[in-house]
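Going letter by letter, the sequence shown gives residues 617 to 781 in my numbering.
Here a beta-carbon is modelled for each residue, glycine too, at the ideal position from N, C-alpha and C.
Only a predicted model underlies this, so the values are computations on that prediction, with no experimental measurement involved.
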Amino acid sequence: MTDDFELKAISPSAVPEALAKAERYRLLNQPDEAESICRDILEAEPDHQPALTALVLALSDQFGLQETMGNFREAAQTAAKLEDNYERLYYGGIVRERGARAMLTGLSRAFAYDGFREAMEWYEEALPLRPTGDDNAILRWNSCVRAIRKHNLRPRVDEGELPLE
617 MTDDFELKAI SPSAVPEALA KAERYRLLNQ PDEAESICRD ILEAEPDHQP
667 ALTALVLALS DQFGLQETMG NFREAAQTAA KLEDNYERLY YGGIVRERGA
717 RAMLTGLSRA FAYDGFREAM EWYEEALPLR PTGDDNAILR WNSCVRAIRK
767 HNLRPRVDEG ELPLE
């Protein structure tokens with residue numbers, strides 16, 4: 617079923633307040649509301665870097681809550697639009713780390729190790745680019761290491777091809 621509703625555009629002058637509201641909704645654990653607001657901001661200003669960052673976080677906040685693969689792809693693509701090399705790598709790592717954390721429950725657990733390792737690679741690449749005093753990539757790296765240890769994660773063993781009989 618389709619609807620006849622049209623989205624209404626916000627004015628560029630409303631962007632700062634809208635961004636603050638999106639961040640507030642994220643803090644209230646309402647990432648879908650934050651996502652919607654970020655999309656409105658990006659309609660008004662398509663390259664608005666803080667809104668792109670907030671959208672990456674809002675989408676990745678939803679990993680494990682909804683259909684994760686679509687959100688994962690979009691979050692990764694959105695992080696790739698960040699202009700600053702450090703932020704692009706750092707938030708790319710965030711997407712992968714949050715994807716790994718979402719895999720810790722259920723049948724995807726076997727893939728969580730790979731997700732954490734991929735996130736760590738992104739953080740490793742971000743380290744030499746980080747601004748003075750910004751150790752966020754180190755904090756996230758350490759968080760990945762602790763998650764791997766806490767959950768006793770190991771690399772998947774390639775079982776090769778199984779015989780047909």
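Asked: Best match in Arg725, Leu623 and Tyr641 for proximity to glutamate 659 [C-alpha to C-alpha]; Found: Leu623
Asked: Sequence-distant residues of its chain with Cβ nearer than 8 Å to glutamate 690 (five each side left out); Found: Leu675
Asked: Euclidean distance between Cα positions of arginine 704 and leucine 698; Found: 5 Å
Asked: Burial state of proline 647, where buried means 16 or more other Cβ atoms lie within 10 Å; Found: buried
Asked: Limits of the unbroken alpha helix (DSSP H) element including threonine 669; Found: 665-677
Asked: C-alpha gap between glutamate 741 and arginine 714, whole angstroms; Found: 18 Å
Asked: Residue environment, phenylalanine 688, which counts as buried when at least 16 other CB atoms sit within 10 Å; Found: buried
Asked: Helix, strand or coil at isoleucine 626 according to DSSP, with G and I counted as helix; Found: coil
Asked: Pair within 8 Å by beta-carbon distance, arginine 642 and leucine 673; Found: yes
Asked: Same chain, Cβ closer than 6 Å to alanine 728, neighbours up to 5 away in sequence not counted; Found: Ala716, Met719, Leu720 and Leu769
Asked: Three-state secondary structure (DSSP) of glutamine 693; Found: helix
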